[in-house]
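Working notes, beginning with the structure itself.
There are 2 protein chains.
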Amino acid sequence: MAAANDQQDIKREKILEASHQRFLHYGYSKTTMNEIAGDLSMSKALLYYYFPDKSQLYIAVMRKLAADYLKTLESRLDSFTNLKEAFTFQVNTHHEFIVNNYNFFDFFRLNEQNLPETIWQIVGEVHSAELNLLSNAIKIEVDKGAIKPVNNPEEIVDVLMDALHGIRVGAISQKKTNFPRKEHLEEIHTKKLLLLDIFIKGLMA
Amino acid sequence: MAAANDQQDIKREKILEASHQRFLHYGYSKTTMNEIAGDLSMSKALLYYYFPDKSQLYIAVMRKLAADYLKTLESRLDSFTNLKEAFTFQVNTHHEFIVNNYNFFDFFRLNEQNLPETIWQIVGEVHSAELNLLSNAIKIEVDKGAIKPVNNPEEIVDVLMDALHGIRVGAISQKKTNFPRKEHLEEIHTKKLLLLDIFIKGLMA
DNA sequence: TCCTGACTTTTTTAACAAAACTATCAAAAA
DNA sequence: TTTTTGATAGTTTTGTTAAAAAAGTCAGGA
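As they're listed, the protein sequences go chains A and B.
Under this note's numbering, the first residue of the first sequence is numbered 1, with each subsequent residue one higher.
Under this note's numbering, the first residue of the second sequence is numbered 1, with each subsequent residue one higher.
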C-alpha cells in the first residue's frame with residue numbers, strides 16, 4: 001500500500017515536472033495533453049488517471065510553485081535582522097520567482113478574466129501568507145522598539161504590496177502591453193527597491 | 001468669417017457635449033454615430049462634417065476632459081503650503097476625475113490593447129504634466145528647506161504615481177474584475193491617502 | 001492497480017452570409 | 001459658399017455551420 005502510493009507519488013511528480021516545462025515554454029492553451037503524455041512516453045489516458053482534467057493539472061503545478069515560493073520566504077523571514085532586510089528579501093524573492101516562471105503565467109495574460117475559482121484561491125492564499133509574514137516582521141520590529149508602534153500592520157503591508165504591484169503595472173501601460181516584458185523586469189525591480197526604501201523610511205519616521 | 005467660425009465652434013462644442021454624455025453612459029463601442037446625431041437632432045453625416053471619424057470624436061472629448069483636469073491641478077499646485085497638501089490635492093482631484101468619468105473609460109477596459117496611438121499620446125501628456133507639477137512641488141520644498149535635498153525628484157514622483165496606480169489595480173485582482181467597480185473607489189481612495197502619508201514621511205526622513 | 005488504444009464529446013477554427021454600423025458623396029437648403 | 005441631408009457604398013461585427021483538433025471516457029489487457 002505504502003509502496004504503491006510512493007510509486008504513484010513519484011509518477012505524479014514526474015507528470016507535474018513535465019507539465020511545468022510545457023506550460024512554462026508554451027503556456028496553457030498552447031500545451032496539449034497529448035504533448036505532455038508524449039514527453040513522458042505515456043498515454044494521454046494515463047494523465048487522466050492521475051489528474052481529473054487539464055485545468056486541475058495546471059493548478060497542481062501552480063500549487064507546487066506557490067508552495068516552493070512560500071517555503072523560501074518563510075525559511076528566511078523569521079530570522080531577519082531589520083525590517084528593510086526582510087522586505088527587500090521579499091521583493092527579491094518575488095522578482096526571482098516571476099523571472100523564473102515568466103511564461104508560465106501567460107495563462108493569466110490571455111485568460112485574464114473568467115479564470116477557474118481555484119486559481120484565485122491559490123493567489124489569495126499566497127497573498128495572505130505573504131501579508132502574514134511581512135506584518136509579522138513589522139510586529140517584531142515594533143516589539144524590539146526599532147520602529148514606533150503601528151496600530152494596523154496588516155493594513156500597512158497590504159498597501160505596500162499593492163503599491164509594489166503597481167510598479168509592475170505602471171511600467172506596462174506606458175509600454176502598451178498588458179504584461180511586463182522580460183526586458184522591463186529589471187527596471188521594475190529597481191523601481192520597487194526605490195519605493196521600498198522610501199516606504200521603510202516613512203514607517204520609521 | 002469670424003462669425004462663421006464662432007458658429008462652427010459652438011456646434012463643435014455641442015457635439016462634444018452630446019458625445020461625452022453618450023460615451024459616459026454607454027462607453028465607446030456601445031455608442032453609435034446615429035445615436036449621437038439623434039440626440040442633437042441632426043443627421044449623422046453632419047457629424048462627419050465636423051469630425052473626421054468616430055475615434056477622433058472620442059479623442060476630442062478625451063482631450064477636453066484631460067485639459068480640464070490639468071487646469072484644475074495647475075490652478076492649485078503652484079500655491080500649496082506644504083508637500084503633503086500638494087500631493088493630497090493631486091490624489092483627491094484624480095479621484096474625483098475618475099469618479100465623475102467612470103464609465104467614459106470603459107473604452108480602455110474593453111479595448112485594453114490596440115488603442116489608437118493618439119490616446120496614448122494624451123495619456124502620456126497628462127502623465128508628464130502631473131509628473132512635472134509634482135516634482136516641481138518637491139523642488140520648491142527642497143528650496144524652502146522643508147525636506148532634505150533629493151537628487152532626482154522626477155524619479156521619486158514617477159515611483160509614487162506608479163504606486164498610487166497600483167493601489168487601484170490591487171483592489172482589482174482580488175475582486176476578479178479588471179477595472180475597479182464604483183463601490184471600491186472610496187476604499188481605494190482611502191488606501192491611497194494612507195500610502196501617501198507614509199511616502200511623504202519617508203521623503204522627509 | 002496501472003496502463004493503453006479506440007472511441008465520444010467538447011472546443012477551436014475557418015468559411016461565409018446577414019446585420020449593424022461607419023464613412024462618403026452628390027445634391028438640396030441656408 | 002457654407003451647412004445640411006438622404007441615399008448609399010464600404011467595413012466591421014455577429015451569427016451559422018462544418019471540419020479539425022483537442023479534451024475527456026471507457027472497456028479491457030498486463
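Backbone N, C-alpha and C fix where the C-beta goes; we use that ideal spot for every residue, glycine too.
These numbers come from a predicted model, not from an experiment.
(message) For residue 116(B) and residue 55(B), which I take to be in contact (beta-carbon distance under 8 Å), what is that distance rounded to the nearest angstrom?
(response) Within the second sequence, residue 116(B) is the residue found at index 116, counting from 1. Within the second sequence, residue 55(B) is the residue found at index 55, counting from 1. With a Cβ gap of about 5 Å, residue 116(B) and residue 55(B) count as contacting.
(request) Compare the C-beta of residue 199(A) against all C-beta atoms of chain B and say whether one is closer than 8 Å. (result) Locating residue 199(A) in the first sequence gives position 199, counting from the first residue. Yes, contact with chain B.
(request) Can you say whether residue 94(B) is buried or exposed, counting buried as having 16 or more other CB atoms within 10 angstroms of its CB? (result) Taking the first residue of the second sequence as 1, we reach residue 94(B) at position 94. So residue 94(B) counts as buried.
(request) Measure the alpha-carbon distance for residue 16(B) versus residue 205(B) and round it to whole angstroms. (result) Here residue 16(B) is taken as the residue at index 16 of the second sequence, counted from 1. Here residue 205(B) is taken as the residue at index 205 of the second sequence, counted from 1. Roughly 47 Å between the two C-alpha positions.
(request) Establish whether the CB of residue 211(B) and some CB of chain A are separated by less than 8 Å. (result) No information on residue 211(B) is available, as it lies outside the stretch 1 to 205 that chain B covers here.
(request) Take residue 197(B) as the anchor and find which of 83(B), 58(B), 21(B) has the nearest alpha-carbon. (result) Start at 1 with the first residue of the second sequence, and residue 197(B) comes out as number 197. The residue among 83(B), 58(B), 21(B) with its C-alpha nearest the C-alpha of residue 197(B) is 83(B).
(request) Have a look at 137(B), 166(B), 13(B) and flag the residue whose alpha-carbon is nearest the alpha-carbon of residue 57(B). (result) As a working mapping, residue 57(B) is identified with position 57 in the second sequence. Looking from the CA of residue 57(B), the closest CA among 137(B), 166(B), 13(B) belongs to 13(B).
(request) Give, in chain order, every unbroken run of the alpha helix (DSSP H) that is at least 4 residues long and sits entirely within the region 44-131 of chain A. (result) For the region 44-131 of chain A, the continuous alpha helix (DSSP H) assignments of 4+ residues that do not extend past its boundaries occur at 44-50, 54-77, 83-100, 106-110, in sequence order.
(message) With a threshold of 8 Å between beta-carbons, can residue 62(B) be considered close to chain A, or not?
(response) As a first step, residue 62(B) is located in the second sequence; it is residue number 62 there, counting from the start. Residue contact with chain A for residue 62(B): absent (no Cβ-Cβ distance below 8 Å to any residue of chain A).
(message) Check whether chain B comes within 8 Å of residue 86(A), counting only Cβ atoms and requiring the distance to be less than that.
(response) Reading the first sequence from its first residue, position 86 is the one you call residue 86(A). Chain B contact via Cβ: absent.
(message) To be precise: take each residue of the region 141-161 of chain A, compare its Cβ to all Cβ atoms of chain B, and keep it if any distance is under 9 Å. Which residues remain?
(response) Interface annotation for the region 141-161 of chain A against chain B: 155, 156, 158, 159, 160, 161, criterion Cβ-Cβ distance under 9 Å.
(message) Run through chain A and tell me which residues come within less than 7 Å of residue 163(B), C-beta to C-beta.
(response) Stepping through the second sequence from its first residue, residue 163(B) is reached at position 163. Chain A residues near residue 163(B): 163, 166, 167, 195.
(message) Let's see if you can read the secondary structure: which residues bound the alpha helix (DSSP H) around residue 11(B)?
(response) As a first step, residue 11(B) must be located in the second sequence, where it is residue number 11. Where residue 11(B) is concerned, the enclosing alpha helix (DSSP H) stretches over 2-26.
(message) Please return the same chain residues whose Cβ sits closer than 6 Å to the Cβ of residue 76(B), not counting the five positions on each side in sequence.
(response) For the purposes of this step, residue 76(B) is identified with residue 76 of the second sequence, where counting begins at 1. Answer for residue 76(B): 89, listed in chain order.
(request) Below 8 Å between beta carbons is the criterion; list the residues of the region 31-55 of chain A that meet it against any residue of chain B, in chain order. (result) Within the region 31-55 of chain A, no residue has a Cβ that lies closer than 8 Å to any Cβ of chain B.
(request) Could you tell me whether the region 63-79 of chain B touches the region 130-138 of chain B, where touching means 3 or more Cβ pairs closer than 8 Å? (result) Enough Cβ pairs lie closer than 8 Å, so yes.
(request) Could you tell me whether the Cβ of residue 16(A) comes closer than 8 Å to any Cβ of chain B? (result) Along the first sequence, read from residue 1 onward, the residue named residue 16(A) stands at position 16. The C-beta of residue 16(A) comes no closer than 8 Å to any C-beta of chain B.
(request) Find the residues of chain B that neighbour residue 205(A), judging by a C-beta separation of less than 8 Å, and give them in chain order. (result) Along the first sequence, one-based indexing puts residue 205(A) at 205. The contacting residues are 201, 202, 204, 205.
(request) Classify residue 145(A) as buried or exposed, calling it buried when 16 or more other Cβ atoms lie within 10 Å of its own Cβ. (result) Translated into the one-based positions of the first sequence, residue 145(A) becomes position 145. Taking a 10 Å sphere around the C-beta of residue 145(A), we find fewer than 16 other C-beta atoms and assign the residue as exposed.
(request) Whole angstroms is fine: what's the gap from residue 61(A)'s alpha carbon to residue 38(A)'s? (result) Looking up residue 61(A) in the first sequence gives position 61. Looking up residue 38(A) in the first sequence gives position 38. One C-alpha to the other measures close to 18 Å.
(message) Contact defined as beta carbons within less than 8 Å: I believe residue 118(B) pairs with residue 59(B). What is the distance between those atoms, to the nearest angstrom?
(response) Residue mapping note: residue 118(B) aligns to position 118 of the second sequence, counting from 1. Residue mapping note: residue 59(B) aligns to position 59 of the second sequence, counting from 1. Cβ-Cβ separation between residue 118(B) and residue 59(B): approximately 5 Å, consistent with a contact (criterion under 8 Å).
(request) Could you name the residues of chain B that residue 139(A) contacts, counting a contact when the two beta carbons are closer than 8 Å? (result) Here residue 139(A) is taken as the residue at index 139 of the first sequence, counted from 1. The contacting residues do not exist; residue 139(A) stays about 17 Å from chain B at best.
(message) Can you list, in chain order, the residues of its chain with a C-beta nearer than 6 Å to that of residue 164(B)? Leave out the 5 residues immediately preceding and following it.
(response) Here residue 164(B) refers to the residue found at position 164 of the second sequence. Apart from sequence neighbours up to five positions away, the residues of its chain that approach residue 164(B) with a beta-carbon distance below 6 Å are 192, ordered along the chain.
(request) Determine the direct distance from the alpha carbon of residue 18(A) to that of residue 103(A), and round the result to whole angstroms. (result) The count along the first sequence starts at 1 and reaches residue 103(A) at position 103. The count along the first sequence starts at 1 and reaches residue 18(A) at position 18. Across the structure, residue 103(A) and residue 18(A) are spaced so that their CA atoms are roughly 15 Å apart.
(request) Below 7 Å CB to CB, which residues in the same chain sit around residue 158(B) once its five sequence neighbours on both sides are set aside? (result) The residue given as residue 158(B) occupies position 158 in the second sequence. Same-chain partners within the cutoff: 131.
(request) Would you please verify whether the beta carbon of residue 27(A) is less than 8 Å from any beta carbon of chain B? (result) Sequence index remark: in the first sequence, residue 27(A) carries index 27 (1-based). Residue-level contact check: residue 27(A) does not touch chain B, since none of the beta carbons of chain B fall below 8 Å from its beta carbon.
(message) With a threshold of 8 Å between beta-carbons, can residue 11(A) be considered close to chain B, or not?
(response) Position 11 of the first sequence, counting from 1, holds the residue named residue 11(A). Not an interface residue.
(message) When you compare the CB positions of residue 99(A) and residue 46(A), do they come within less than 8 Å of one another, or not?
(response) Translated into positions along the first sequence, residue 99(A) becomes position 99. Translated into positions along the first sequence, residue 46(A) becomes position 46. The answer is no: Cβ separation not under 8 Å.
(message) Is there a Cβ of chain A sitting closer than 8 Å to that of residue 182(B), yes or no?
(response) Locating residue 182(B) in the second sequence gives position 182, counting from the first residue. Not an interface residue.
(message) I'd like to know whether the C-beta of residue 71(A) is nearer than 8 Å to at least one C-beta of chain B.
(response) For the purposes of this step, residue 71(A) is identified with residue 71 of the first sequence, where counting begins at 1. Between residue 71(A) and chain B, the shortest Cβ-Cβ separation is not below 8 Å.
(message) Tell me the rounded alpha-carbon separation between residue 48(A) and residue 42(A).
(response) Taking the first residue of the first sequence as 1, we reach residue 48(A) at position 48. Taking the first residue of the first sequence as 1, we reach residue 42(A) at position 42. Distance between the alpha carbons of residue 48(A) and residue 42(A) is about 11 Å.
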